[in-house]
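Here the structure is laid out as structure tokens; the discussion comes afterwards.
Protein chains in written order, with my numbering: chain A, 3 to 182; chain B, 6 to 316.
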């Protein structure tokens, strides 16, 4: 075999390897985004709601917990709000319904209160004063939605807006996987 | 070279070496703010292009800076551990210095490999220009040379990656989260329904390092009582008294914790037969908004108690 052929063959193998890696790697968009936290115990979250009610995630073990990272000026957050409302309403009617919490990201209590007064949603809104909760979950942009199981393990991360039915579908899958 | 010249050369070499060491030596950060700056310069802002957390004014960068400042203030983690914490949450792409492991290592290995291959190719080309007639290399020797060059390049690249790449102490090969109290508690809860003995042991491990952990105190006591129900009366009685004491302690540690109050109500009625006291504990439990799993248990009991007490 000529040296040039060996070189071309080597180059082809390298390019093919890169293509295989590209094809097999998952993108970060859409339902079920990647995170090193998936399948791991959720980070500790100790904070207060905008109504000054203390909250500790460790105390919610035994319930499914849904965290929605939110900012009242973010357009996708506003767009997903009706879907979240429907989801929260459905869950409230179940005996083992998930507890929905809004994590306020870089926003004022007043603005959040005004948004929920205008658009409804009576679940607790939790303060994240200097972004400690966002950093603990690796949230860089809102909205993001996370699901934590009753044992305190992180089960799902959704990047961007949730569309109608997605959370319901994901919750059903997760409940089935937990044997509920 | 004479002995005298050799001495001078040695002195000059030593002086240059010491000067270089003195000027390049990193004296390390002097204040906490220096540490925060050093660490944030190693982390890329996750929402902006080509900016470090140190320079970026984006909200996500500010949050990371605040987290770094908090961890530096706590004084528990080293610089590398703090960077590892951030990288575990946001992924390897926030590391301004790529890692020496996994796919990131290609950033270090490929240039070294390409350099070695190119140098070898140049050497071969020059050799051919000088001795055009002698060059009658066989295919086999060419392939062997190519393989040697690749191995040398790869070895050099790995060496470069190990020396220059980011090494983060908290990360395992799979990027696992450190084994902490939270992790033990989560494992215990997972084991709870199917493997009570393992769960009791895991809660016990939590209590070894954190004796006042309310969740561990509560659930260990609850599981001990549940598993004792299958044994004779004397063992059940022993378990009953130790469980009541432990749950009482949990309530004392944190009067707002609903689970301890709920389990106390259940145990006082199911194992102690005292409906009146149980009702009081169950009511207090429900006031504290217990999680769904515990609420389900207590609501059933509340109905039974109401029926028995005629309410």
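By construction, the Cβ of each residue, glycine as well, lies at the ideal position given by its N, Cα and C atoms.
Boundaries of the beta strand (DSSP E) in which residue i is found, first to last residue
| i | result |
| --- | --- |
| residue 161(A) | 156 to 161 |
| residue 150(A) | 146 to 150 |
Cβ of residue i within 9 Å of any chain A Cβ
| i | result |
| --- | --- |
| residue 95(B) | yes |
| residue 268(B) | no |
| residue 226(B) | no |
| residue 82(B) | no |
| residue 46(B) | no |
| residue 85(B) | no |
| residue 75(B) | yes |
| residue 187(B) | yes |
| residue 181(B) | Reliability fails at residue 181(B), whose pLDDT of 41 lies under 50, so the model's placement of it is uncertain and the value that follows must be treated cautiously. Yes - at least one Cβ of chain A is within 9 Å of the one on residue 181(B). |
| residue 178(B) | Note on residue 178(B): pLDDT 40, under 50, position unreliable in the model; the coordinate value appears next. Chain A contact via Cβ: absent. |
Beta-carbon contacts of residue i that lie in its chain and below 6 Å, excluding the five residues immediately before and after
| i | result |
| --- | --- |
| residue 221(B) | 208, 211 and 212 |
| residue 258(B) | 217 and 219 |
| residue 76(A) | 144 |
| residue 69(A) | 103, 105 and 148 |
Beta-carbon proximity list for residue i, same chain, < 7 Å, skipping 5 on both sides
| i | result |
| --- | --- |
| residue 255(B) | 219, 222, 223, 262 and 265 |
| residue 30(A) | Low confidence applies here, because residue 30(A) scores a pLDDT of 47, under 50, leaving its location unreliable; read the following figure in that light. Within the same chain, residue 30(A) has close Cβ partners 36 and 161. |
| residue 285(B) | none |
| residue 306(B) | 270, 271, 274 and 287 |
| residue 234(B) | 241 |
| residue 114(A) | 52, 74, 106 and 127 |
| residue 46(B) | 57 and 59 |
Neighbour flag for residue i against chain B, beta carbons, 9 Å
| i | result |
| --- | --- |
| residue 101(A) | yes |
| residue 39(A) | yes |
| residue 15(A) | no |
| residue 177(A) | no |
| residue 91(A) | no |
| residue 117(A) | no |
| residue 196(A) | Lying outside 3 to 182, the shown extent of chain A, residue 196(A) is not represented and no answer is given. |
| residue 42(A) | yes |
| residue 140(A) | yes |
| residue 74(A) | no |
Residue i - partner residues in DSSP beta bridges
| i | result |
| --- | --- |
| residue 49(B) | 57(B) |
| residue 105(A) | 71(A) and 128(A) |
| residue 50(A) | 56(A) |
| residue 100(B) | 48(B) |
| residue 43(A) | 155(A) |
Limits of the unbroken alpha helix (DSSP H) element including residue i
| i | result |
| --- | --- |
| residue 305(B) | 297 to 314 |
| residue 216(B) | Residue 216(B) -> no alpha helix (DSSP H), and no H or E assigned at all. |
| residue 77(B) | 64 to 79 |
| residue 320(B) | Residue 320(B) lies beyond the residue range present for chain B, which begins at 6 and ends at 316; the question has no answer from this structure. |
| residue 93(A) | 77 to 94 |
| residue 91(B) | 84 to 95 |
| residue 124(B) | 111 to 135 |
| residue 274(B) | 263 to 275 |
| residue 340(B) | Shown here, chain B extends from 6 to 316; a query on residue 340(B) therefore has no answer. |
| residue 61(A) | It is not in any alpha helix (DSSP H) - residue 61(A) carries neither H nor E in the DSSP assignment. |
| residue 172(A) | 168 to 179 |
Beta-carbon proximity check, residue i vs residue j, cutoff 9 Å
| i | j | result |
| --- | --- | --- |
| residue 73(B) | residue 114(B) | no |
| residue 66(A) | residue 98(A) | yes |
| residue 251(B) | residue 293(B) | no |
| residue 237(A) | residue 67(B) | Any property of residue 237(A) remains undetermined from this structure, which presents chain A solely from 3 to 182. |
| residue 60(A) | residue 190(B) | yes |
| residue 51(A) | residue 145(A) | no |
| residue 279(B) | residue 245(B) | no |
| residue 15(B) | residue 48(B) | no |
| residue 140(A) | residue 93(B) | yes |
| residue 227(B) | residue 248(B) | yes |
| residue 146(B) | residue 43(A) | no |
| residue 64(A) | residue 193(B) | no |
| residue 3(B) | residue 117(B) | Look at the range of chain B in this structure, 6 to 316, and you will see that residue 3(B) is not part of it. |
| residue 89(A) | residue 23(A) | no |
Spatial neighbours of residue i in its chain, beta-carbon cut-off 8 Å, leaving aside the 5 residues before and after
| i | result |
| --- | --- |
| residue 154(B) | 121, 122 and 125 |
| residue 312(B) | none |
| residue 314(B) | 280, 281 and 284 |
| residue 179(B) | Note that residue 179(B) scores 38 on pLDDT, short of 50, meaning its location in the model is unreliable and no value can be drawn from it. |
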